[in-house]
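Position one of the sequence shown corresponds to residue 437 (the numbering used here), numbered consecutively onward.
Note that the Cβ used here is the ideal one computed from N, Cα and C, for glycine as well.
Structure record follows, encoded as structure tokens.
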Amino acid sequence: MNLRIRPCADEDELRASMSSIWHYFGLPPTPEAVGNFMAMGGPQRALIAQADGALAGGCTAFPFEVTTPGGRVKAAGVTMVGVQPTHRRRGVLSAMMKRQLSDMRDRGEPVAYLWASEERIYGRFGYGLAGLAGDVEISRDRADFFSKEAAIGRVNLTPLAQALAPVREIYERVAATRPGMFTRSEEWWKRRILVDLSWQRAGGGELVCAVLEIDGRPQAYALYRFDAKWERSIPAGVVRVVECMGVSPVATRSIWRYLLDLDWCATIRAGFLPTDHPLFLLSAEPRRLRPTFRDGCFLRLVDVASSLAARAYGPGEIVIEIADALFADNAGRWIVSNGGAKRTERAPDLVCDVSSLASAYLGGFSWRQLVASSRAKAADDAAVVRADRVFERHDAPWAPEIF
Ligand SMILES: CC(C)(COP(=O)(O)OP(=O)(O)OC[C@H]1O[C@@H](n2cnc3c(N)ncnc32)[C@H](O)[C@@H]1OP(=O)(O)O)[C@@H](O)C(=O)NCCC(=O)NCCS
Numbered sequence: 437m438n439l440r441i442r443p444c445a446d447e448d449e450l451r452a453s454m455s456s457i458w459h460y461f462g463l464p465p466t467p468e469a470v471g472n473f474m475a476m477g478g479p480q481r482a483l484i485a486q487a488d489g490a491l492a493g494g495c496t497a498f499p500f501e502v503t504t505p506g507g508r509v510k511a512a513g514v515t516m517v518g519v520q521p522t523h524r525r526r527g528v529l530s531a532m533m534k535r536q537l538s539d540m541r542d543r544g545e546p547v548a549y550l551w552a553s554e555e556r557i558y559g560r561f562g563y564g565l566a567g568l569a570g571d572v573e574i575s576r577d578r579a580d581f582f583s584k585e586a587a588i589g590r591v592n593l594t595p596l597a598q599a600l601a602p603v604r605e606i607y608e609r610v611a612a613t614r615p616g617m618f619t620r621s622e623e624w625w626k627r628r629i630l631v632d633l634s635w636q637r638a639g640g641g642e643l644v645c646a647v648l649e650i651d652g653r654p655q656a657y658a659l660y661r662f663d664a665k666w667e668r669s670i671p672a673g674v675v676r677v678v679e680c681m682g683v684s685p686v687a688t689r690s691i692w693r694y695l696l697d698l699d700w701c702a703t704i705r706a707g708f709l710p711t712d713h714p715l716f717l718l719s720a721e722p723r724r725l726r727p728t729f730r731d732g733c734f735l736r737l738v739d740v741a742s743s744l745a746a747r748a749y750g751p752g753e754i755v756i757e758i759a760d761a762l763f764a765d766n767a768g769r770w771i772v773s774n775g776g777a778k779r780t781e782r783a784p785d786l787v788c789d790v791s792s793l794a795s796a797y798l799g800g801f802s803w804r805q806l807v808a809s810s811r812a813k814a815a816d817d818a819a820v821v822r823a824d825r826v827f828e829r830h831d832a833p834w835a836p837e838i839f
């Protein structure tokens, strides 16, 4: 098989590249989807794989800036990865991933970030699980908070066409410090978030935007759909929360109170929540949230030195010996401290694959967890304690949407 992988030249090639994964969606790429990728990345960031001249696969990557603990890093948001059913398990994905990672290095994107359709696909390319994502399903009649303290502020139902300014400001304030969140361009907001397409409705209600103002300033928002339903004349509606953000504890508490009190609703569903979401402790009956967690985003440190320099650290320093099967200049011993990462010959405190370093990077997992699960080896227990002090964690990573 003569395999050739190259950037797409134009919209037609981008459509062809996307058609590999769209095969598994059961239809060709819609004009709207192709238009989105043209506007939010363009053909040049997408790769097309051809085998003996025939289409074999494709992938692309959005240009992101992802928040790290104490910083931000340029990142490639990998997406639309697909191999034609006629060419699977012949190394097409492997070749595309190597090319895509090496393109990221050339573009100066030190980190790659993605949602995996299946957990076992990306580890071999150096990706590690960056955090967990939680779903909740709450019965409205068991949705009390631990405290009767009243919600404050005023909620305004805001037409989508007028929602961009307030919603974007709130999101950016939250995303500035929450690891795992990424900046959204105006195109992103208009084409992906503040838009109400029939497939997103999935037969249910329209997209509603509620903005909470406190002291005349937008401080929280909820994007949700109300799926109306009645059973034996009793309301059985479902509120599907698409996204809910608040800039402060009181704003978060108040907007969630609004959602949980909506009339004619029996169940409130929300997803993509971080492990430390305030709802878990706000609730009077946390088990009634029926939380379930699964693997969230995966991350790859494409350039170890630059990515480690793009976050802050706690006191002290730690020597980590990294293995990287794809990029020799990432491998070896690094001394990590608040100044970033430098080469060293000192004996390592920790030894691990670059994928495990990725799991520690955003703070989704502690070194203690990585050592306990045999994903890293430590010289001794004191090294683990020191490593967790250096890789200080505050907020759990949050990737609030599939991309
Ligand atoms: C997943 C997919 C991209 C793999 O492409 P591929 O060209 O068949 O992959 P490769 O031949 O390069 O496989 C590389 C290795 O990964 C393994 N692998 C590939 N897909 C896998 C999967 N879904 N689960 C487990 N292992 C997988 C292969 O077995 C192979 O292992 P080996 O080197 O030990 O033999 C392809 O099957 C596909 O398009 N699936 C549907 C769409 C999809 O899930 N895309 C990913 C979106 S995030």
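*asked:* Is the separation between the beta-carbon of Ile441 and that of Met532 shorter than 8 Å?
replied: yes
*asked:* Tell me the DSSP secondary structure of Pro685 in three-state form.
replied: For Pro685, the three-state secondary structure derived from DSSP is helix.
*Applying the criterion that 16 or more other CB atoms from any shown protein chain within 10 Å of the CB defines a buried residue, is Asn438 buried or exposed?*
exposed
*Comparing alpha-carbon positions, which option in Ser791, Gly750 and Ala835 lies nearest Ala823?*
Gly750
*asked:* Given the structure, does Tyr460 come close to ligand 1, in the sense that its CB is under 7 Å from one of the ligand's heavy atoms?
replied: yes
*Ends of the beta strand (DSSP E) at Arg730?*
Thr728 to Asp731
*asked:* Taking 7 Å as the cut-off, is the beta-carbon of Ile606 closer than that to any non-hydrogen atom of ligand 1?
replied: no
*Are there three or more Cβ pairs, one per stretch, closer than 8 Å when the region 655-665 is compared with the region 556-565?*
no
*Who are the near neighbours of Asp699 in its chain, counting only those whose CB is closer than 8 Å to its CB and skipping five residues on each side?*
Pro671
*Please confirm if the region 765-772 is in contact with the region 574-582, defined as three or more CB-CB distances below 8 Å between the two stretches.*
no
*Excluding sequence positions up to five away, which residues of its chain have a Cβ less than 8 Å from the Cβ of Leu806?*
Cys788, Ser792, Ser795, Ala796 and Ala812
*Which first and last residues belong to the beta strand (DSSP E) in which Tyr657 is found?*
Arg653 to Asp663
*asked:* Tell me the rounded alpha-carbon separation between Thr522 and Tyr460.
replied: 12 Å
*Extent of the continuous alpha helix (DSSP H) run through Gln486*: For Gln486, no alpha helix (DSSP H) segment is defined; the enclosing uninterrupted segment is the beta strand (DSSP E) at Leu483 to Ala487.
*Shortest alpha-carbon distance to Leu709 belongs to which of Val470, Arg668 and Met681?*
Met681
*Assign Phe763 to one of two classes, buried (16 or more other C-beta atoms within 10 Å of its C-beta) or exposed (fewer than that).*
Residue burial is scored here from C-beta neighbours: Phe763 has at least 16 other C-beta atoms within 10 angstroms and is therefore classed as buried.
*Would you identify the three-state DSSP class for Lys584, choosing helix, strand or coil?*
coil
_Distance check for Asp571 and Arg726, CA to CA, integer angstroms please._
Going from the Cα of Arg726 to the Cα of Asp571 covers about 8 Å.
_Which residue marks the beginning of the alpha helix (DSSP H) containing Asn774, and which one marks its end?_
No alpha helix (DSSP H) contains Asn774, which DSSP labels as neither H nor E.
*CB of Ala611 to nearest heavy atom of ligand 1: below 7 Å?*
no
*Where does the unbroken beta strand (DSSP E) through Asp789 begin, and where does it stop?*
Leu786 to Asp789
*With Leu735 and Ala548 assumed to form a contact (beta carbons below 8 Å), what rounded beta-carbon distance in angstroms separates them?*
Leu735 to Ala548, Cβ: 7 Å. Contact.
*What is the DSSP secondary structure of Leu630, counted as helix, strand or coil?*
coil
*Touching by the beta-carbon criterion (3+ pairs, under 8 Å), the region 753-761 and the region 597-616*: Touching, no, given that fewer than three Cβ pairs across the two stretches are closer than 8 Å.
_When you measure from the CB of Ser553 to every non-hydrogen atom of ligand 1, does any distance come out below 7 Å?_
Correct: Ser553 has its Cβ closer than 7 Å to ligand 1.
*Quick one: grab the DSSP three-state call for Met533.*
helix
*Ala808, buried or exposed, once every other Cβ within 10 Å from all chains shown has been counted against 16*: exposed
*Can you have a look at Trp841 and say buried or exposed, based on whether 16 or more other CB atoms are within 10 angstroms of its CB?*
Here the chain covers residues 437 to 839 and nothing more, so residue 841 does not appear.
_For the beta strand (DSSP E) containing Ile758, name the first residue and the last one._
The continuous beta strand (DSSP E) containing Ile758 extends over residues Ile754 to Ala759.
*asked:* Measuring straight from C-alpha to C-alpha, what distance separates Thr594 and Leu630?
replied: 11 Å
*Sorted by chain position, which residues of the same chain lie with C-beta nearer than 7 Å to Asp488's C-beta, five sequence neighbours on each side aside?*
Closer than 7 Å at Cβ, skipping near neighbours: Met437 and Asn438.
*With hydrogens ignored, establish whether the beta-carbon of Ser791 is closer than 7 Å to any heavy atom of ligand 1.*
no
*Around the C-beta of Ser455, are 16 or more other C-beta atoms found within 10 angstroms, so that it is buried, or is it exposed?*
buried
_Extent of the continuous alpha helix (DSSP H) run through Arg825_ = Asp817 to Val826
*Look up Asp571 in the DSSP assignment and say whether it is helix, strand or coil.*
The answer is strand: DSSP assigns Asp571 an E or B state.
*Over what stretch of residues does the beta strand (DSSP E) that includes Ala597 continue unbroken?*
No beta strand (DSSP E) holds Ala597; DSSP gives it neither H nor E.
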